[in-house]
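Residue numbers (our numbering), protein chains in the order written: chain A, 4 to 122; chain B, 4 to 122. Let me begin by presenting the structure, written as structure tokens, before commenting on it.
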């Protein structure tokens with residue numbers, strides 16, 4: 004389930020703006036604010052099944068965009084390379100790691116990695 | 004003009020897969036292979052005006068996707084941070100820059116920057 008939340012969250016972060024307002028709201032309520040389908044249904048005054056269908060459809064749309072554009076995949080590959088660069092700096096002997104210029108490189112890379120964790 | 008070619012090229016690289024086959028072909032012929040509108044027109048056996056309209060429409064669609072998703076903007080900001088990290092490593096004194104582990108960091112970052120130049 005956590006995997007699914009992360010996956011939908013990342014897809015939503017990239018392509019969410021292409022969904023309808025209602026689809027965006029349902030995804031946010033369910034995946035970001037952790038509301039159950041029944042809770043969302045009562046919020047919108049529709050059936051639980053209707054919420055289920057909206058979520059399924061929205062997820063499907065996000066998956067289809069990624070299948071065509073592969074921008075999340077590209078982003079994740081880039082993140083992996085940044086992480087590798089970060090790890091290389093982190094693995095330097097302490098006397099090198101403590102040099103201010105090298106600390107700056109590390110901090111800069113950390114900022115780039117942190118972005119993905121905000122998702 | 005070069006700016007426009009780069010801008011359309013980058014947008015096309017990100018969102019091109021959302022265009023029709025014909026739109027993609029026209030953009031590639033014009034911006035990648037540098038064919039004139041007349042040359043593309045004779046290739047497809049349509050009027051020069053028709054090619055002009057296809058290109059305008061395709062560019063407009065790409066611009067609209069970016070206005071909603073801002074993924075090119077995000078990518079460019081990330082590229083700038085990677086470039087800054089790369090420059091920080093490059094500005095290290097030679098005795099540090101020549102340490103193999105630091106060379107590896109620099110190479111890893113160079114790979115990430117090169118990607119944008121392939122576009």
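Glycine included, each C-beta is placed from N, C-alpha and C at the ideal position. On a predicted model such as this, the values are computed, not experimentally measured, just so you know.
| request: Find the nearest neighbour of residue 22(A) within the set 9(A), 35(A), 7(A) and 68(A), judged by alpha-carbon distance. | output: 68(A)
| query | Would residue 75(B) count as contacting chain A if we go by Cβ distances under 7 Å? | reply | no
| query | Does DSSP put residue 57(B) in a helix, a strand or coil? | reply | helix
| said: Against chain B, with Cβ distances strictly below 7 Å, would residue 11(A) count as a contact? | reply: no
| said: Please list the terminal residues of the continuous alpha helix (DSSP H) segment that includes residue 25(A). | reply: 24-30
| message | For residue 74(A) and residue 12(A), I'd like the C-alpha separation in whole angstroms. | response | 14 Å
| task | Could you name the residues of chain B that residue 17(A) contacts, counting a contact when the two beta carbons are closer than 8 Å? | result | 72 and 74
| request: Identify, in the order they occur along the chain, each residue of the same chain with its Cβ nearer than 6 Å to the Cβ of residue 115(A), setting aside the five sequence neighbours on each side. | output: 85
| message | At the 7 Å Cβ level, is residue 108(A) part of the contact set with chain B, yes or no? | response | yes
| If you measure from the beta carbon of residue 87(A) to each beta carbon in chain B, is any gap under 7 Å? | yes
| said: Given this structure, state the Cα-to-Cα distance separating residue 119(B) from residue 110(B), to the nearest angstrom. | reply: Residue placement at residue 119(B) cannot be trusted, given a pLDDT of 45 that sits under 50; what the coordinates show is reported in the next sentence. If I take the Cα positions, the gap works out to 15 Å.
| query | Shorter than 7 Å from the beta carbon of residue 25(B) to some beta carbon of chain A? | reply | no
| task | Count the other CB atoms, across all protein chains shown, that sit within 10 Å of the CB of residue 97(B); report buried if there are 16 or more and exposed otherwise. | result | exposed
| CA-to-CA distance, residue 50(A) to residue 39(A), given in whole angstroms | 12 Å
| Helix, strand or coil: which one does DSSP assign to residue 122(A)? | Bear in mind that the predicted position of residue 122(A) carries a pLDDT of just 39, short of 50, making it too unreliable to give a figure here.
| message | Using a Cβ-Cβ cutoff of less than 6 Å, which residues in the same chain neighbour residue 19(B) once the five nearest sequence positions on both sides are dropped? | response | 27
| Does residue 44(B) get closer than 7 Å to chain A when you measure Cβ to Cβ? | no
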